[in-house]
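K.L.:
4 protein chains.
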Amino acid sequence: MLEKLKQEVYEANMLLPKYNLVTFTWGNVSGIDREKNLVVIKPSGVAYEELTPEQMVVLDLEGNIVEGDLNPSSDTATHLVLYKHFPEIQGVVHTHSPWAVTFAQAGLDVPAAGTTHADTFYGPVPVTRKMKESEVVHDYEKQTGDVIVETFEERKINPSEVPAVLVNDHGPFTWGKSAEDAVHHAVVLEEVSKMTYHTLQLNPHQIDMDSYLLDKHYLRKHGKNAYYGQQ
Amino acid sequence: MLEKLKQEVYEANMLLPKYNLVTFTWGNVSGIDREKNLVVIKPSGVAYEELTPEQMVVLDLEGNIVEGDLNPSSDTATHLVLYKHFPEIQGVVHTHSPWAVTFAQAGLDVPAAGTTHADTFYGPVPVTRKMKESEVVHDYEKQTGDVIVETFEERKINPSEVPAVLVNDHGPFTWGKSAEDAVHHAVVLEEVSKMTYHTLQLNPHQIDMDSYLLDKHYLRKHGKNAYYGQQ
Amino acid sequence: MLEKLKQEVYEANMLLPKYNLVTFTWGNVSGIDREKNLVVIKPSGVAYEELTPEQMVVLDLEGNIVEGDLNPSSDTATHLVLYKHFPEIQGVVHTHSPWAVTFAQAGLDVPAAGTTHADTFYGPVPVTRKMKESEVVHDYEKQTGDVIVETFEERKINPSEVPAVLVNDHGPFTWGKSAEDAVHHAVVLEEVSKMTYHTLQLNPHQIDMDSYLLDKHYLRKHGKNAYYGQQ
Amino acid sequence: MLEKLKQEVYEANMLLPKYNLVTFTWGNVSGIDREKNLVVIKPSGVAYEELTPEQMVVLDLEGNIVEGDLNPSSDTATHLVLYKHFPEIQGVVHTHSPWAVTFAQAGLDVPAAGTTHADTFYGPVPVTRKMKESEVVHDYEKQTGDVIVETFEERKINPSEVPAVLVNDHGPFTWGKSAEDAVHHAVVLEEVSKMTYHTLQLNPHQIDMDSYLLDKHYLRKHGKNAYYGQQ
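Protein chains in written order, with our numbering: chain A, 496 to 726; chain B, 496 to 726; chain C, 496 to 726; chain D, 496 to 726.
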């Protein structure tokens, strides 16, 4: 079942090593069929070199395995929370890519420091608060999702306009209109984290870009007046 | 038409991924035929793996498309301003290469810190002032070109001697005697930005090189007394 | 003799260049047969491109060569001390991987700064004290092992839970349940050293993760309640 | 003539791109025949992809071209000074490798910060003083060699024990018992410059290693009591 989505999710997972976002098995990609409410995700701990489309695990939104012989990613419950609360997204990615992890471990947002950021993210990429002991001990992966949702709600950030978050002391989750789109955002997040880390070392006094420049770059690529590319 | 120039501009574009100057489609190269006053440029948003020489777009200096089925690069208007105001140049490159972007986001020139810099750039690579809201809202890409030209005029920098600029909070543009030459300068800019970033971290007190050493290295490679290479 | 172990140790050695952990011959991997009390190790100074399984050297735990035409790694005595004092380990790796060496040269532990670290190391990766002149002049490589063991004993660190150390002003040793497992730990150490170096530059004030998050991540991958992967 | 040496020098030049020490043509390697007092060196400005053994230029120690159709490297005069003053060396390398250039531009020695350094360099790698205007304007490349020699004489450094230097605001020269050996030293210099740069950022208070550890590591690889490798 869901052969096309399995293939897409498989291919999106294989983009993680291609773009140098993962060491060993430190990452996972999922996609969702919004009509059937079924999620396809990478199995846990399987090496990318050995991964096949058939190994993808199919679950419902409550986490029940519908098809698949392998355990799903240990981060599955986080993906499911994001699909439930962010109805417009259709793919989710988690990695431990080193520059995004640097900001996550530092407990800092990735500020919007230039047009490379603004072309994809309509404002800073937020870091969550630290999770409480009770949130870590019980239902950890589900509560990881909850703290992400809380971050976007409390800071009134639209998850379609900023399709990425840093979980404090952990690492990035990104999402998008498809599994591949979510990987695209993971690549951009890693690249702008690298650039902005170095900018902060070089000149922390000029880090936030002007809001009109942020608007211009985000809106020339997104929304009804976009004019970038071949649309 | 302009088959030879299209091929050259295509090949110069393909050097951007070769030299690791671009992620996804974040870059574009153009070239000009100075006799016909026609510019050839990469189409907007087309992946490098799928790019072909035939897809190159031909425009006049007012930005009218003379040949081509695809939209030209969204940065085309910036290229055109540079061709109009810098009559000696025949190729232009724009990228978001990370070390040059680091200085652009920091709002800082790349200072002339050593002979690697002086072999190519006859003085600091300037950063523009920040663009004003009115410049961003209307005719943004054209006004990006205007602020580059203003920077060179106000600081009395010869664009043939310093064939590169950082647009504030954005990234680098470089140019040269051909599309390939402009890419060459983009590679050098990225490399010296990396070296000089690290020098600034290690010892900010000795950053500017002696002017006679700058002269020596620039002039042993450029001008009538050059003796580097096989000329 | 020990053909299977030689092959394993050979393959584990070849992972060092694959994972960019070595320049030239700056690394070595060994494995042990705990029943026969024999150690198999890389020969000294042999380039990885020319290495063969047959060249592996077999020694007893006193350092006597049992089989092999080549000199064993100059670090052999350190490996032997680790096998004697840490009975649960079956593979040892030494490299000069640059991010781990950075912490070793700085004389600093790699602190547990995030879940990437906690997934593998149950606490900071310790740096040894500096070695004394008498320890360097006589039996240097054996005494390097002794100072590693002292570090784990004095700080009451379980070498199975933190399978890595930094020798002060020198570099990392890692170990594991097999030669390959020890290499795995060397890769993780390099990656977390890189991430945590940058975190320390960005925000030294939030460097230690909460102990309950450390517990959660370490224990979801290790021990009887682990649920990561396909076990 | 000198076909064997030309081949060796050609192959040593080709190691520069292999070890990522050069961008474009920013490097050159030479070798010497000490019986004939003839030097073989890379031609100036020829791309590595197009280089052939036959293109190598043969000169005497006064810089007269004995064989070859191409101009020799623009840095030839520096190589010749080193061969004249350091009679034990048989190969010389110049690059603009970025980590070594970082220290050169900062005007700082690469301190002996750990055993990776001590395995090859018996003490800090010195930076020269800045060159004076008169030294730059006249006979620049010869005087570059002179200032290197002055540095080793004034600081009483043995060029066989520290086969590398940083020319202030310029970059590294290394040398060795052959052209390949000189490249080996260029690789080590780049690697220890990278490591020690990061150590200086992390903990500048513990940068110099103990002299007995420096002795131990240098002498276990060099001299009559060396025991590293298969000698």
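Every residue, glycine too, gets a C-beta built ideally from N, C-alpha and C.
Locate the alpha helix (DSSP H) running through B/Ala613, then write down its first and last residues.
P.N.:
Residues Thr610 to Ala613.
K.L.:
Restricting to Cα atoms, I'd like to know which of A/Trp521, A/Gly558 and A/Asn508 is closest to A/Gly666.
P.N.:
A/Trp521
K.L.:
Using a C-beta to C-beta distance shorter than 8 Å, which residues of chain B count as neighbours of D/Thr518?
P.N.:
Val682, Val683 and Glu686
K.L.:
If you run the structure through DSSP and keep just helix, strand and coil, what is C/Trp521?
P.N.:
DSSP places C/Trp521 in coil when its eight states are reduced to three.
K.L.:
C/Pro567 bridges to which residues according to DSSP?
P.N.:
Partner(s): C/Pro538.
K.L.:
Measuring CB to CB, does C/His680 end up less than 8 Å from C/Thr615?
P.N.:
yes
K.L.:
Does the Cβ-Cβ distance between C/Val660 and C/Pro699 come in under 8 Å?
P.N.:
no
K.L.:
If you draw a straight line from the C-alpha of C/Glu503 to the C-alpha of C/Val534, how long is it?
P.N.:
12 Å
K.L.:
Could you tell me the boundaries of the beta strand (DSSP E) in which B/Phe668 lies?
P.N.:
Gly666 to Gly671
K.L.:
Using a threshold of 8 Å, state whether the C-beta atoms of C/Val605 and C/Pro593 are closer than that.
P.N.:
no
K.L.:
Buried or exposed, going by whether 16 or more other CB atoms sit within 10 Å of the CB of B/Gln732?
P.N.:
Past the edges of chain B, shown from 496 to 726, lies residue 732 of chain B, and the structure says nothing about it.
K.L.:
Could you tell me which chain C residues have their CB closer than 7 Å to the CB of D/Asn698, listed as they occur along the chain?
P.N.:
Ala601, Gly602 and Leu603
K.L.:
May I have the straight-line CA-CA distance separating B/Met696 from B/Leu516, to the nearest angstrom?
P.N.:
The sequence shown places Gln at residue 696 of chain B, rather than the Met named in the question. B/Gln696 and B/Leu516: Cα-Cα distance of roughly 23 Å.
K.L.:
Taking the alpha carbon of A/Glu675 as the reference point, which residue from A/Asn508, A/Leu497, A/Lys499 and A/Met496 has its own alpha carbon closest?
P.N.:
A/Asn508
K.L.:
Put C/Val587 into one of helix, strand or coil per three-state DSSP.
P.N.:
strand
K.L.:
List the residues of chain D that B/Gln707 touches, going by C-beta distances under 8 Å, in chain order.
P.N.:
The sequence shown places Tyr at residue 707 of chain B, rather than the Gln named in the question. Within chain D, the residues near B/Tyr707 are Glu628, Val631 and Val632.
K.L.:
State the start and end residues of the unbroken alpha helix (DSSP H) segment that holds B/Glu645.
P.N.:
Tyr635 to Glu649
K.L.:
What residues from the stretch 548–579 of chain C come within 8 Å of chain D, judged by C-beta to C-beta, listed N to C?
P.N.:
Leu565, Asn566 and Ser569
K.L.:
Which residues in chain A sit within 8 Å of C/Tyr723, going by Cβ to Cβ distance?
P.N.:
Ser539, Gly540 and Ser569
K.L.:
Since D/Val588 and D/Phe519 should fall inside the 8 Å C-beta cutoff, what is the C-beta to C-beta distance between them, to a whole number of angstroms?
P.N.:
Wrong, their Cβ atoms sit about 16 Å apart, outside the cutoff.
K.L.:
Put A/Glu656 into one of helix, strand or coil per three-state DSSP.
P.N.:
coil
K.L.:
In angstroms with no decimal places, state the Cα-to-Cα distance between A/Arg624 and C/Tyr707.
P.N.:
Between the alpha carbons of A/Arg624 and C/Tyr707 lies a gap of roughly 15 Å.
K.L.:
Answer with buried or exposed for C/His633, where buried requires no fewer than 16 other C-beta atoms within 10 angstroms of its C-beta.
P.N.:
exposed
K.L.:
According to DSSP, which residues form a beta bridge with A/Ile527?
P.N.:
A/Val534
K.L.:
If the cut is a Cβ gap below 7 Å, which residues of chain A does C/Lys531 touch?
P.N.:
Here the premise fails: no neighbours, minimum Cβ distance about 31 Å.
K.L.:
If we call anything under 8 Å between Cβ atoms a contact, is A/Leu546 one with A/Tyr514?
P.N.:
no
K.L.:
What whole-angstrom Cβ distance do A/Leu556 and A/Asn532 have, given they're in contact under 8 Å?
P.N.:
5 Å
K.L.:
How would you call D/Ser539, buried or exposed, if buried means at least 16 neighbouring beta carbons within 10 angstroms?
P.N.:
Counting every other CB atom within 10 Å of its CB across the protein chains shown gives D/Ser539 a total of 16 or more, marking it as buried.
K.L.:
Within the 8 Å Cβ cut-off, does A/Asp664 reach chain C?
P.N.:
Chain C, which has a Cβ nearer than 8 Å to the Cβ of A/Asp664, makes this yes.
K.L.:
Output, in chain order, the set of chain B residues within a Cβ distance shorter than 7 Å of A/Lys689.
P.N.:
Here the neighbours are Pro593.
K.L.:
With 8 Å as the limit, tell me which residues of the stretch 638–662 of chain B have their beta carbon closer than that to any beta carbon of chain D; keep them in chain order.
P.N.:
none
K.L.:
Using three-state DSSP, classify B/Leu554 as helix, strand or coil.
P.N.:
strand
K.L.:
How many angstroms separate the CA atom of B/Tyr713 from the CA atom of B/Met704?
P.N.:
For B/Tyr713 and B/Met704, the distance between alpha carbons rounds to 13 Å.
K.L.:
Mind pulling the chain B residues with CB within less than 7 Å of D/Thr597?
P.N.:
Met690, His693, Thr694 and Leu697
K.L.:
Output, in chain order, the set of chain B residues within a Cβ distance shorter than 8 Å of A/Ala608.
P.N.:
Gln600 and Asp664
K.L.:
Just the Cα atoms here: how many angstroms apart are D/Tyr617 and A/Val657?
P.N.:
53 Å
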